[in-house]
Ligand SMILES: Cc1cc2nc3c(=O)[nH]c(=O)nc-3n(C[C@H](O)[C@H](O)[C@H](O)COP(=O)(O)OP(=O)(O)OC[C@H]3O[C@@H](n4cnc5c(N)ncnc54)[C@H](O)[C@@H]3O)c2cc1C
């Protein structure tokens, strides 16, 4: 069969892939998104305005944060309403440079794409314990449900929120839980500045309380070294400790899978992520781009803010000094601030789509705005005092 031609092929329908498809539709760039197991399934700790695809379209049933189900429903409905071309259960297996474009092989068909954007996320390769006895029957690297473990001894290994949440969930499902982490406490890893890499207080506090009452065992400064058919052997404070466990959950995080990029000839940096131009997100292979968690922008707000810009530039649009008009911009700022603060405003915006439109228009107009190109910015950069006054006023206003 002849490869299907397409202008832009996006791999992955997470927040970055969906934002790319939406931006491509807005600038008239024909685009196909291939997704191996849509929808995305990540627990979240973000408020709706940080992770929604268009302003005012997502609301949390239990504020301030949206649940995984709410965000999935929003992404699903948004893609359907906007008519985004997403082909589900179609996994991309190969990308090769082919003349001016790319040959792409998926699990269902072949494509001939002029440009390819890879947005496969940062969780492609699950980290393993790498200890003797780590078989699939004894160790799970994903946690889905606690119910099957009621009344059983379970070990959870890992120092992040995924491990902490699994331990709490298993406890609520009446499992006998031991949590093992290498760090001496729940505090962030040494030198970590990323809020998402520490255990959130709403996970840490109940776990510590349960540990105090002896209902959950927490082994700080410990490490699994071997797994036997009935137990797990740990090193804890320099000693060997054997604990009975019918199942071990190793929730140690994941790394991006850069296999497709390597195949296509793109350079990979020492941190395991692709080398790309920080302005355009083009890799070392011309026409091959990356977005989202696969890059060094690890969270959804960045994926939603940066990916449309990548696609606009691909479609030939240049960043400009102009954004939304002063009036529309001011209106959008006020509406955003009010939505954050007032329940009544949230309700009105949710009920009346017309109230959402001006802000969505301002966001669309501001998307390609580059403040560094504006006259005010250029003047201000020449005079550092003016720049610091402008910054102070903006900090005060926000
Ligand atoms: C426990 C946890 C909590 C988090 N909480 C937050 C939070 O509160 N706020 C926040 O902003 N961020 C949070 N994050 C990070 C957030 O999940 C990522 O920033 C976000 O998912 C990145 O979006 P993405 O589109 O780049 O990748 P992903 O959401 O990972 O999507 C990539 C998609 O590509 C698909 N794919 C992969 N390979 C192929 C292939 N070969 N062919 C076709 N499709 C493919 C995958 O199935 C997937 O759907 C959290 C992450 C974790 C693990």
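In the working numbering, the protein residues as written are 35 to 432. Note that the Cβ used here is the ideal one computed from N, Cα and C, for glycine as well.
(request) Identify which residue in 210, 348, 307 and 421 has its Cα closest to the Cα of residue 188. (result) Looking up residue 188 in the chain shown gives position 154. The candidate whose alpha carbon is nearest that of residue 188 is 210.
(request) Output the distance between the C-alpha atoms of residue 121 and residue 49, rounded to the nearest integer angstrom. (result) Walking along the chain shown from the start, residue 121 turns up at place 87. Walking along the chain shown from the start, residue 49 turns up at place 15. Put simply, the backbone Cα of residue 121 is about 15 Å away from that of residue 49.
(message) Tell me which residues share the same chain as residue 309 and place their Cβ nearer than 8 Å to its Cβ, disregarding the 5 neighbours each side in the sequence.
(response) For this step, residue 309 is matched to residue 275 along the chain shown. Excluding sequence neighbours, residue 309 sits near 300, 301, 302, 303, 317 and 318.
(request) Please determine, among 91, 38, 87 and 238, the residue with the shortest C-alpha to C-alpha distance to residue 389. (result) To locate residue 389, count along the chain shown from 1; it is residue 355. When C-alpha distances from residue 389 are compared across 91, 38, 87 and 238, the shortest belongs to 91.
(request) For the stretch 180 to 206, list the alpha helix (DSSP H) runs that are entirely contained and at least 4 residues long, ordered along the chain. (result) Secondary structure within the stretch 180 to 206: the alpha helix (DSSP H) runs of 4 or more consecutive residues, fully enclosed, are 195 to 206 (chain order).
(message) Going residue by residue through the stretch 87 to 159, where are the continuous beta strand (DSSP E) segments of at least 3 residues, counting only ones entirely within it?
(response) Runs found: 126 to 132, 135 to 140 and 144 to 152.
(message) Using only CA atoms, which one of 80, 157 and 117 lies nearest to residue 64?
(response) Within the chain shown, the letter at position 30 stands for residue 64. Looking from the CA of residue 64, the closest CA among 80, 157 and 117 belongs to 117.
(message) Would you say the beta carbon of residue 334 is closer than 7 Å to some non-hydrogen atom of ligand 1?
(response) As a first step, residue 334 is located in the chain shown; it is residue number 300 there, counting from the start. Taking 7 Å as the cut-off, the C-beta of residue 334 counts as close to a heavy atom of ligand 1.
(request) Closer than 6 Å by C-beta to residue 142: which residues in its own chain qualify, once you throw out the five before and the five after it? Chain order, please. (result) In the chain shown, the residue the question calls residue 142 occupies position 108. Excluding sequence neighbours, residue 142 sits near 124.
(request) Using only the heavy atoms of ligand 1, determine whether one of them is closer than 7 Å to the beta carbon of residue 65. (result) Residue numbering aside, residue 65 sits at position 31 when the chain shown is read from its first letter. No heavy atom of ligand 1 is found nearer than 7 Å to the CB of residue 65.
(request) Assign residue 323 to one of two classes, buried (16 or more other C-beta atoms within 10 Å of its C-beta) or exposed (fewer than that). (result) Mapped onto the chain shown, residue 323 falls at position 289. It is buried - the Cβ of residue 323 has at least 16 other Cβ atoms within 10 Å.
(message) Given a cut-off of 8 Å on the beta-carbon distance, is the pair residue 152 and residue 332 in contact?
(response) The residue you call residue 152 lines up with position 118 of the chain shown. The residue you call residue 332 lines up with position 298 of the chain shown. No, Cβ-Cβ distance for residue 152 and residue 332 is not below 8 Å.
(request) Please classify residue 289: does DSSP put it in a helix, a strand, or coil? (result) Locating residue 289 in the chain shown gives position 255, counting from the first residue. DSSP places residue 289 in strand when its eight states are reduced to three.
(message) At a threshold of 7 Å, does residue 195 count as lining ligand 3 (C-beta to nearest heavy atom)?
(response) Among the ligands present in this structure, namely ligand 1, ligand 3 is not found.
(message) Quick check: residue 402 and residue 354, are their CB atoms within less than 8 Å of each other?
(response) Here residue 402 corresponds to residue number 368 of the chain shown, with the count starting at 1. Here residue 354 corresponds to residue number 320 of the chain shown, with the count starting at 1. By the CB criterion at 8 Å, residue 402 and residue 354 fall inside the cutoff.
(request) Give the straight-line distance between the Cα atoms of residue 199 and residue 131, rounded to the nearest whole angstrom. (result) In the chain shown, residue 199 corresponds to position 165, counting from 1. In the chain shown, residue 131 corresponds to position 97, counting from 1. Rounded to the nearest whole angstrom, the C-alpha separation of residue 199 and residue 131 is 43 Å.
(request) Could you tell me if the beta carbon of residue 84 falls within a distance shorter than 7 Å of some heavy atom in ligand 1? (result) Along the chain shown, one-based indexing puts residue 84 at 50. Yes, the Cβ of residue 84 comes within 7 Å of a heavy atom of ligand 1.
(request) Only counting runs of 4 or more residues, tell me where the alpha helix (DSSP H) segments fall wholly within the stretch 231 to 315, in order along the chain. (result) Complete alpha helix (DSSP H) runs here, min 4: 235 to 246 and 293 to 297.
(message) Let me check you understand the geometry: is the CB of residue 69 closer than 7 Å to at least one non-hydrogen atom of ligand 1?
(response) Translated into positions along the chain shown, residue 69 becomes position 35. Yes, Cβ of residue 69 sits closer than 7 Å to a heavy atom of ligand 1.
(request) Per DSSP, which residues does residue 212 bridge with? Please list them. (result) Position 178 of the chain shown, counted from the start, is the residue given in the question as residue 212. Bridge partners of residue 212 according to DSSP: 189 and 251.
(request) With DSSP as the reference, label residue 174 as helix, strand or coil. (result) Position 140 of the chain shown holds residue 174. Of the three classes helix, strand and coil, the one that applies to residue 174 here is strand, per DSSP.
(request) Compute every distance between the C-beta of residue 295 and the non-hydrogen atoms of ligand 1, then say whether any falls below 7 Å. (result) Position 261 of the chain shown, counted from the first residue, corresponds to residue 295. No.
(request) Given a cut-off of 8 Å, decide if residue 55 and residue 44 are closer than it, judged by their beta-carbon atoms. (result) Here residue 44 corresponds to residue number 10 of the chain shown, with the count starting at 1. Here residue 55 corresponds to residue number 21 of the chain shown, with the count starting at 1. Yes, the Cβ-Cβ distance between residue 44 and residue 55 is below 8 Å.
(message) Suppose the cutoff is 7 Å on Cβ atoms and the five residues either side in sequence are ignored; what does the same chain contact list for residue 347 look like?
(response) For the purposes of this step, residue 347 is identified with residue 313 of the chain shown, where counting begins at 1. Exclusion of the five residues before and after residue 347 leaves 314 as the residues of its chain whose Cβ lies within less than 7 Å of its Cβ.
(request) Kindly confirm or deny that the stretch 281 to 296 and the stretch 144 to 160 touch, where touching means at least three C-beta pairs closer than 8 Å. (result) Enough Cβ pairs lie closer than 8 Å, so yes.
(message) Could you give the first and the last residue of the continuous beta strand (DSSP E) run that contains residue 38?
(response) Residue mapping note: residue 38 aligns to position 4 of the chain shown, counting from 1. Judged by DSSP secondary structure, residue 38 falls within the beta strand (DSSP E) whose first and last residues are 38 to 45.
(message) Taking DSSP's pairing of strands, which residues face residue 354 in a bridge?
(response) Taking the chain shown and counting its residues from 1, the one referred to as residue 354 is at position 320. The beta-bridge partner set that DSSP reports for residue 354 consists of 403.
(request) Hey, could you find the ends of the beta strand (DSSP E) residue 66 is sitting in? (result) For the purposes of this step, residue 66 is taken as the residue at position 32 of the chain shown. According to the DSSP assignment, residue 66 belongs to the beta strand (DSSP E) that extends over 65 to 68.
(message) Quick check on DSSP: helix, strand or coil for residue 75?
(response) As a position in the chain shown, residue 75 is number 41, starting the count at 1. In this prediction, residue 75 scores a pLDDT of 49, lower than 50, which makes its location untrustworthy; the coordinate-derived value is nonetheless stated afterwards. Residue 75 falls in the coil class under three-state DSSP.
(message) Can you tell me whether residue 409 is helix, strand or coil according to DSSP?
(response) Walking along the chain shown from the start, residue 409 turns up at place 375. Here residue 409 carries a helix assignment [DSSP, helix/strand/coil].
(message) Please classify residue 413 as buried or exposed, where buried requires at least 16 other C-beta atoms within 10 Å of its C-beta.
(response) Here the question's residue 413 lines up with position 379 in the chain shown. Exposed, since its Cβ has fewer than 16 Cβ neighbours within 10 Å.
(request) Measure the CB-CB distance between residue 258 and residue 165 and report whether it falls below 8 Å. (result) Counting from 1 along the chain shown, the entry for residue 258 is found at position 224. Counting from 1 along the chain shown, the entry for residue 165 is found at position 131. At the C-beta level, residue 258 and residue 165 come within 8 Å of one another.
(request) State the beta-bridge partners of residue 317 as determined by DSSP. (result) Here residue 317 refers to the residue found at position 283 when the chain shown is read from its first residue. Partner(s): 310.
(request) State yes or no: is the C-beta of residue 126 nearer than 7 Å to some heavy atom of ligand 1? (result) Taking the chain shown and counting its residues from 1, one reaches residue 126 at position 92. Under cutoff, so the answer is yes.
(message) In the DSSP output, what is residue 345 paired with across the bridge?
(response) Residue numbering aside, residue 345 sits at position 311 when the chain shown is read from its first letter. DSSP lists no partner for residue 345.
(message) Here's a check: name, in chain order, each residue in its chain whose Cβ is nearer than 8 Å to the Cβ of residue 103, leaving out the five neighbours to either side.
(response) As a first step, residue 103 is located in the chain shown; it is residue number 69 there, counting from the start. No residues qualify anywhere along the chain.
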